[in-house]
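Student:
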Amino acid sequence: MQQPTIQRKQLFVASCTALIVTAMTFAFRASLEGVWGQEFHLDKEQIGWIFSPAFWGFTLAMVFGGPLCDIIGMKRLIGLAFIGHVSGVIIYLVAKDATMLFIGTLCIGIGNGMVEAACNPLVVSLFPENKTTMLNRFHVWFPGGIVIGGLIAYALLEKLQIGWHVLVALLLIPAVIYGVLFLKLTFPPTERVAKGISTKQMFAACVNPLFIVMVICMFMTAATELGTNQWLGALLQGAGISGILVLVFINGIMALGRSFAGPVVHRLNPNGMLIFSALFAGIGLILLSKASGGAAFGAALVFAVGICFFWPTMLGFVSEYLPNTGALGLSLMGGAGMFSVSLILPVMGKWYDKYKAAAVAAGEEAAKADAIAGSNTFMKVAIMPAILVVIFVIVYFARRKHYTQHKQAIA
Numbered sequence: 000m001q002q003p004t005i006q007r008k009q010l011f012v013a014s015c016t017a018l019i020v021t022a023m024t025f026a027f028r029a030s031l032e033g034v035w036g037q038e039f040h041l042d043k044e045q046i047g048w049i050f051s052p053a054f055w056g057f058t059l060a061m062v063f064g065g066p067l068c069d070i071i072g073m074k075r076l077i078g079l080a081f082i083g084h085v086s087g088v089i090i091y092l093v094a095k096d097a098t099m100l101f102i103g104t105l106c107i108g109i110g111n112g113m114v115e116a117a118c119n120p121l122v123v124s125l126f127p128e129n130k131t132t133m134l135n136r137f138h139v140w141f142p143g144g145i146v147i148g149g150l151i152a153y154a155l156l157e158k159l160q161i162g163w164h165v166l167v168a169l170l171l172i173p174a175v176i177y178g179v180l181f182l183k184l185t186f187p188p189t190e191r192v193a194k195g196i197s198t199k200q201m202f203a204a205c206v207n208p209l210f211i212v213m214v215i216c217m218f219m220t221a222a223t224e225l226g227t228n229q230w231l232g233a234l235l236q237g238a239g240i241s242g243i244l245v246l247v248f249i250n251g252i253m254a255l256g257r258s259f260a261g262p263v264v265h266r267l268n269p270n271g272m273l274i275f276s277a278l279f280a281g282i283g284l285i286l287l288s289k290a291s292g293g294a295a296f297g298a299a300l301v302f303a304v305g306i307c308f309f310w311p312t313m314l315g316f317v318s319e320y321l322p323n324t325g326a327l328g329l330s331l332m333g334g335a336g337m338f339s340v341s342l343i344l345p346v347m348g349k350w351y352d353k354y355k356a357a358a359v360a361a362g363e364e365a366a367k368a369d370a371i372a373g374s375n376t377f378m379k380v381a382i383m384p385a386i387l388v389v390i391f392v393i394v395y396f397a398r399r400k401h402y403t404q405h406k407q408a409i410a
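The sequence shown begins at 0 in numbering that gives the first Met the number 0 and counts up by one.
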């Protein structure tokens with residue numbers, strides 16, 4: 000049974016609020032990289048390991064949350080998300096060492112994963128006639144939340160010099176808001192249940208060769224987007240520009256782009272959008288590797304245009320063309336993406352440390368060594384979108400007939 004219009008809107012607003020909390024945790028971590036490094040005496044690789052459970056914790060939550068979505072319900076998954084977010088914040092606030100930061104990050108990662116595990120199938124169920132567009136609009140609030148969190152972090156940490164504990168405690172406000180909003184709402188059944196697709200059919204659909212290819216691609220799209228954004232402050236610290244402001248700028252562009260995703264989806268289809276995205280993401284990374292000062296914003300614009308549609312369109316592709324994968328398919332995609340970021344973060348930190356050490360050994364001063372390390376790391380990451388362009392083009396030509404038939408079917 001279709002939800003009343005007013006409840007559909009309320010559920011969508013509550014979902015967006017929960018995603019804002021998820022995004023703010025990303026922004027706050029990016030801004031705390033240097034602060035925690037100094038306070039807890041950690042190098043870049045160690046910081047990468049502390050940040051990584053945010054992503055594999057997210058992965059665990061999504062992989063287990065997907066199958067559970069239809070069993071215990073989306074509302075209970077949201078309850079688990081709330082518990083994860085609140086407990087993670089509390090552990091951060093009382094942390095005395097890197098181990099407690101690690102545990103706090105894991106709790107928040109699980110909370111973030113539960114939000115995605117519940118809200119992606121919720122949005123698809125609420126808007127079955129317009130999945131990719133509405134997933135993009137829902138995911139407006141990931142970059143939107145990073146903009147909010149990034150500006151708050153910049154104001155408190157860099158301008159007002161207020162301690163990081165205050166910054167972290169602010170996460171409790173939007174967490175309580177989404178918890179209260181969801182508490183009073185009734186959830187619809189997932190799209191798979193509504194269509195009568197069995198659990199067996201759902202699991203079978205998840206071993207489709209195309210789905211496996213998309214999972215592999217999700218490893219690279221997520222690492223390109225989220226891995227780069229998490230390390231942006233460090234990678235640009237030798238470029239004479241505030242990394243957190245560039246991060247805010249990138250995510251502002253992404254939020255704007257996702258708000259107007261509908262016409263782009265209509266013109267290009269999800270596969271075409273992914274080719275476009277991978278191409279611009281690769282060019283943007285190359286430009287970022289060469290940019291300094293104000294020019295970094297121009298390079299960041301190209302990169303933002305590239306990664307803007309990556310995450311929601313990958314989910315939209317699976318939901319549009321492999322609908323029988325259901326909530327499990329969406330969760331496996333999101334889980335694969337976050338797991339890949341958990342792997343790439345310490346690797347990027349190691350690359351940075353290695354390139355910086357080599358530059359210092361060659362006689363470069365510290366600022367120049369930072370710039371060299373950041374530039375070389377950007378170029379390493381650029382290999383992934385280059386590979387993605389090739390894969391997405393092959394998928395497009397292999398499936399041209401399917402896209403034409405799909406477009407005619409929904410016309």
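Ideal placement from N, C-alpha and C gives every residue a C-beta, glycine not left out.
Decide if A280 is buried, meaning its Cβ has at least 16 other Cβ atoms within 10 Å, or exposed.
Tutor: The Cβ neighbour count for A280, taken over all protein chains shown within 10 Å, is at least 16; the residue is labelled buried.
Student: Straight-line CA distance for I390 to I172?
Tutor: 42 Å
Student: Quick check on S197: buried or exposed, where buried means 16 or more other Cβ atoms within 10 Å of its Cβ?
Tutor: exposed
Student: How big is the Cα-Cα spacing for F316 and M213?
Tutor: 9 Å
Student: In its own chain, which residues sit with a C-beta less than 8 Å from the C-beta of K349, not counting the 5 before and 5 after it?
Tutor: K43, E44 and G47
Student: Could you check what DSSP says for P262 in three-state terms: helix, strand or coil?
Tutor: helix
Student: Measure the C-alpha to C-alpha separation of G83 and V380 and round it to an integer number of angstroms.
Tutor: 31 Å
Student: Assign F259 to buried or exposed, taking buried as 16 or more other Cβ atoms, counted over all protein chains shown, within 10 Å of its Cβ.
Tutor: Within a 10 Å sphere around the beta-carbon of F259 sit fewer than 16 other beta-carbons, which makes this residue exposed.
Student: Which class does F308 belong to by DSSP, given the choice of helix, strand or coil?
Tutor: Note: F308 maps to coil in three-state DSSP.
Student: Using C-beta distances below 8 Å, list every residue in its chain close to A366, excluding the 5 sequence neighbours before and after it, in chain order.
Tutor: Only residues of its own chain outside the window of five on either side were considered, and among them G237 have a CB closer than 8 Å to the CB of A366, listed in chain order.
Student: Less than 8 Å between the CB atoms is what I'm expecting for M73 and F248, so what's the real figure, rounded?
Tutor: Going by Cβ atoms, the distance from M73 to F248 rounds to 34 Å, so no, they are not a contact pair.
Student: Would you mind stating whether A344 and S51 have Cβ atoms separated by less than 8 Å?
Tutor: Position check: residue 344 holds Leu in this sequence, whereas Ala was assumed. In this structure, S51 lies closer than 8 Å to L344 by Cβ.
Student: Cutting at 7 Å between CB atoms, please list the residues of its own chain near V275, excluding the five before and the five after it.
Tutor: Before going further, note that residue 275 is Phe rather than Val in the sequence given. Excluding positions up to five away in sequence, the list reads L267.
Student: Just how far apart, CA to CA, sit Q1 and F377?
Tutor: Only weak support is given to the placement of Q1: the predicted model assigns it a pLDDT of 48, under 50, and the value that follows is read from those uncertain coordinates. Within the model, the alpha-carbon separation for Q1 versus F377 is close to 47 Å.
Student: Output the residue ranges of the alpha helix (DSSP H) runs that lie fully inside the region 311-395 and measure 4 residues or longer, sorted by chain position.
Tutor: 325-360 and 365-380
Student: Which residue wins for smallest C-alpha separation from L18, given the options T312, A204, G143 and P127?
Tutor: G143
Student: Which residue marks the beginning of the alpha helix (DSSP H) containing D42, and which one marks its end?
Tutor: That residue, D42, is in no alpha helix (DSSP H); it is neither H nor E in DSSP.
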